[in-house]
Structures are given as structure tokens and as C-alpha cells.
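Everything on this sheet refers to the single structure shown next.
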Amino acid sequence: MDQMTTTDLWSGAVQDVIAAGRRMDRFGWVPATAGNISRRLPDGRIAITRSGGHKGCLTQEGVIEVGMDGKAVHPGDRPSAETLLHCQLYAHDPAIGAVLHGHSVASTVLSMATTDGALTLADYEVQKVFEGQTTHDASVRVPVFDNDQDIARLCTVVAPELGRMPAGYIIRGHGVYVWGATMDVALARLEGLEFLLACELEKRKLRR
């Protein structure tokens, strides 16, 4: 692969990450400096948002390269501590090409309001956005993991559920993780999950 092609691939990945950040920001899913976004290139490189930046105001400098160990490839770059959760997904499934992490109101509130290890979404037409879901007449389990500042330890908690989370997962009081083969697929699944979580939150309000 020549240098120009390699450069073009990187530029395309960076633009995908920037566009995803703006799209997530429009919905209020990445407030302040929250959230992180990554895309895996065909050659195995991982482009991910730099720690501390607002995802709705990303520039090319806000996207850095990391290895599968979650460490920055270039000295001085600082990835999010949560980068390991992205790398865990990429290591688990070579077909995954993008990972999104957002902090919406619905995912934060619902995950804190339940003591169960999962939220169950059922009877929604939008469930069909998730892999393997072909009808509204079904349910989708979304695991909820307790928040942990030790990300390596959190990875060991998430690991047993890998391959069994078509709608992604939620970190309690923190936010969602969603992925897909491409950035477009990942964004569609994120929007689907966030829509359903918002519906669940509204349903709980109506029951009061």
C-alpha cells in the first residue's frame, strides 16, 4: 500500500470521526468533554478522539492513532482512559469497524434507576435496527455494568457478554457503547438505542 493511499485512508477515518461527533452533539449525547468515538481502518490502525476535547467541535488534531493495547502511537498524544473498551471490541470481532460512546440523559437516568443487570426493550418497531432483530414482536436485552474508573477491570466484567449484545451496553450512570461494521451502521444503532431509551424514560414518567 503506497504512502498516498495510507494517508487517504487515515484522512477518511478522521473525517468519519469528526462527522460522528457533530451528529452526536446535535442530539445532546456528548455534553462538555464526554464521550469518545473511534474507527478502525482496513489496515488495522485505530483512529480515536483525543482525551478532553468537545466531540461536537472536533478538528483533525482532535483525532489520534492508538494501538490495540490502547496506547497512543505518537508521543504526546493522550487517548481517553476508556480507549481499552474500544480496543476490547475490535479485538473480539474483526468485523467491527466503528465504536461510539455517548452520555445521554436517558441512558444515564435509566441505568441509575434500575438495580438489574440489564434493561429490556420490547415491542418497538425500531428494534429492527439491531443485528438479528427482524420483528417488533421480540425483546432486546441491553446489559448494564456498574461504573468503574479501573477500565482494565471493567473490561473483564464486560468480556463474558461479548457477542451477546446486539444493541450495545450501558455503563451505569455513565453512558452507552454501540458499534458496527461501519460508522454509518454504528450511528444508526446508536440512534436506535437512544430513541428506545428515551421512549422507556417517557413511559416511566407516564406511570407516575
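Numbers 24 to 231, taken from the working numbering, label the letters of the sequence shown in order.
Where a beta carbon is used, it is the ideal one built from N, C-alpha and C, also for glycine.
Nearer than 6 Å: is that true of the beta carbon of residue i relative to any heavy atom of the ligand MN?
i    : result
I193 : Among the components of this structure there are no ligands whatsoever, and the ligand MN is therefore not found.
Identify whether residue i lies in helix, strand or coil by the three-state DSSP scheme.
i    : result
P166 : strand
A204 : coil
L185 : coil
T179 : helix
T131 : helix
A161 : coil
A141 : strand
Y113 : helix
Which residue from the options puts its Cα closest to that of residue i?
i    : options              : result
D169 : L133, H109, A55      : L133
V37  : M47, I71, T29, D48   : I71
A209 : D92, R68, E105, P189 : P189
G196 : L144, T138, V180     : T138
Bridge partners for residue i per DSSP, in chain order?
i    : result
G191 : Paired residues: none, contrary to the question.
P102 : R73
S123 : Inspection of the sequence shows that residue 123 is occupied by Leu rather than by Ser. Partner(s): I60, V201.
So, is residue i buried or exposed, given that buried needs 16 or more other C-beta atoms within 10 angstroms?
i    : result
C80  : exposed
E154 : exposed
Q150 : buried
Verify the CB distance criterion: does residue i have a CB-CB separation below 7 Å to chain D?
i   : result
L64 : No chain D is present in this structure, which holds just one protein chain.
Whole runs of the alpha helix (DSSP H) within the region 26-98, excluding any shorter than 4 residues
26-49
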